[in-house]
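K.L.:
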Amino acid sequence: WCPTKAEAERTVLRAMCVGALGRTVWREGMDLLAVYRFADNVHQLIFDTVREIHTGDPLILRELLPARLNNKGFPDLDLDTYFQPHTFPANQTIALIRALCAGSTDEKRSKSAAR
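If you want the numbering used here, it's the position in the sequence shown, counting the first as 1, plus 30.
1) To the nearest angstrom, how far is the alpha carbon of I124 from that of I83?
2) For W56, collect the residues of the same chain with a Cβ closer than 6 Å to its Cβ; drop the 5 residues on either side in sequence, then sort them by chain order.
3) Just how far apart, CA to CA, sit Q74 and P88?
4) Indicate the three-state DSSP secondary structure (helix, strand or coil) for A45 in the structure shown.
5) Could you check the C-alpha separation between D110 and T34 for me, to the nearest Å?
6) Quick check on E37: buried or exposed, where buried means 16 or more other Cβ atoms within 10 Å of its Cβ?
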């Protein structure tokens, strides 16, 4: 699937922004990723902002996301990659979201055990 965590996060965000897979991926992504901490700070910022906009409609996201990020002090983010066509089927994308969340939980357990 995706060799790195950052690529997996980018793939998930792209699926959620493009909306080509229907609202199922967007809804499940919002629910499952609500407590997930993205490894890439830009990905976290984009997810949080998409969550604030609260729509899976790609046209609305494409219109509002740049302005919202600009208002947060991030005017120069290249968002084109997040609006590129997405090829993962919905079930694979949701599985990828779950894998990210499971990996995040495993990392928290490892850090707790190391203390």
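Where is the CB? At the ideal position from N, CA and C, for every residue including glycine. Small disclaimer: the values here were computed from a predicted structure and weren't measured.
P.N.:
On the basis of the coordinates in this document:
1) Counting from 1 along the sequence shown, the entry for residue 124 is found at position 94. Counting from 1 along the sequence shown, the entry for residue 83 is found at position 53. Straight-line Cα distance between these residues: approximately 21 Å.
2) Within the sequence shown, residue 56 is the residue found at index 26, counting from 1. Closer than 6 Å at the Cβ level, and outside the excluded window around W56, lie M46 and G86.
3) Taking the first residue of the sequence shown as position 1, residue 74 is located at position 44. Taking the first residue of the sequence shown as position 1, residue 88 is located at position 58. Between Q74 and P88, the alpha-carbon positions lie close to 18 Å from each other.
4) Sequence index remark: in the sequence shown, residue 45 carries index 15 (1-based). DSSP places A45 in helix when its eight states are reduced to three.
5) Against the sequence shown, residue 110 aligns to sequence position 80. Against the sequence shown, residue 34 aligns to sequence position 4. Note on geometry: alpha-carbon atoms of D110 and T34 lie some 20 Å from one another.
6) By one-based count along the sequence shown, residue 37 stands at place 7. That one is exposed.
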